[in-house]
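The next block holds one structure in the form of structure tokens; read it before the comments.
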Amino acid sequence: MSAATSDSIFSRILRGEIPATIVHEDEHVVGIQDIHPQAPVHVLFVPRKPIATLDAAGPEDAELLGRLMLAAAAYARKIGVAANGYRVVMNTNRDGGQSVYHIHLHLLAGRPMLWPPG
Ligand code: 5GP
Numbered sequence: 630m631s632a633a634t635s636d637s638i639f640s641r642i643l644r645g646e647i648p649a650t651i652v653h654e655d656e657h658v659v660g661i662q663d664i665h666p667q668a669p670v671h672v673l674f675v676p677r678k679p680i681a682t683l684d685a686a687g688p689e690d691a692e693l694l695g696r697l698m699l700a701a702a703a704y705a706r707k708i709g710v711a712a713n714g715y716r717v718v719m720n721t722n723r724d725g726g727q728s729v730y731h732i733h734l735h736l737l738a739g740r741p742m743l744w745p746p747g
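Just so you know, my numbering puts 728 at position 99 of the sequence shown, and the rest follows in order with no gaps.
Structure representation (structure tokens):
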């Protein structure tokens with residue numbers, strides 16, 4: 630694991646210490662443009678609560694995890710990509726390709742997605 634979750638790049642963005650393009654904000658979830666977009670739309674839905682990985686989430690986080698999904702779906706509808714479709718991904722730990730240890734749901738859209746994802 631990299632930096633402690635409260636020192637993660639996303640915690641620093643949420644505290645306003647590092648600039649980011651924020652496209653969604655509510656009481657529980659913030660949507661941030663990915664700095665290295667992998668698709669025409671690439672937004673990270675980050676909970677204000679700093680949970681390191683999906684593996685560290687517990688039953689008490691069930692509602693929050695659902696909020697991430699619903700925030701991504703609502704944003705996709707808002708920007709008009711929902712009908713064509715999109716992908717949501719939560720990379721988890723090393724083999725999952727996670728690089729920032731503060732959970733985040735990737736929303737990727739604006740081009741056809743490949744499967745298997747590699
Ligand atoms: P992961 O690899 O953990 O699933 O996803 C981390 C994502 O965070 C990557 O897609 C990466 O491009 C993005 N990222 C890393 N550092 C920054 C940053 O400082 N600002 C923003 N907006 N995104 C970042």
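For each residue, glycine too, the CB sits at the ideal point set by N, CA and C.
Just tell me which of the options has its CA closest to the CA of residue i.
| i | options | result |
| --- | --- | --- |
| R696 | R723, P745 and K678 | K678 |
| S637 | I680, V658, N720 and G714 | I680 |
| P676 | A685, F639, G714 and N720 | F639 |
| W744 | H657, D663 and Y715 | Y715 |
| L734 | L693, S635 and P688 | L693 |
Do you know how far the Cα of residue j is from the Cα of residue i?
| i | j | result |
| --- | --- | --- |
| V717 | I708 | 15 Å |
| A712 | E646 | 36 Å |
Taking the CB atoms as reference points, tell me whether residue i and residue j lie closer together than 8 Å.
| i | j | result |
| --- | --- | --- |
| T749 | I732 | The structure shown does not extend to residue 749, since the chain is modelled only from 630 through 747, so no value can be given for it. |
| V670 | G660 | no |
| A700 | F674 | yes |
I need the boundaries of the alpha helix (DSSP H) containing residue i, first residue and last residue.
| i | result |
| --- | --- |
| Y704 | A691 to K707 |
| I638 | I638 to L643 |
Within a Cβ cutoff of 8 Å, which residues of the same chain sit near residue i, ignoring the five residues on either side of it in sequence?
| i | result |
| --- | --- |
| N722 | T682 and D684 |
Provide the residue span of the beta strand (DSSP E) that contains residue i, from first to last.
| i | result |
| --- | --- |
| I651 | I651 to E654 |
Examine ligand 3 and report whether any of its heavy atoms sits within less than 7 Å of the Cβ of residue i.
| i | result |
| --- | --- |
| L683 | With respect to ligand 3, the structure shown offers nothing to examine, as its ligands consist of ligand 1. |
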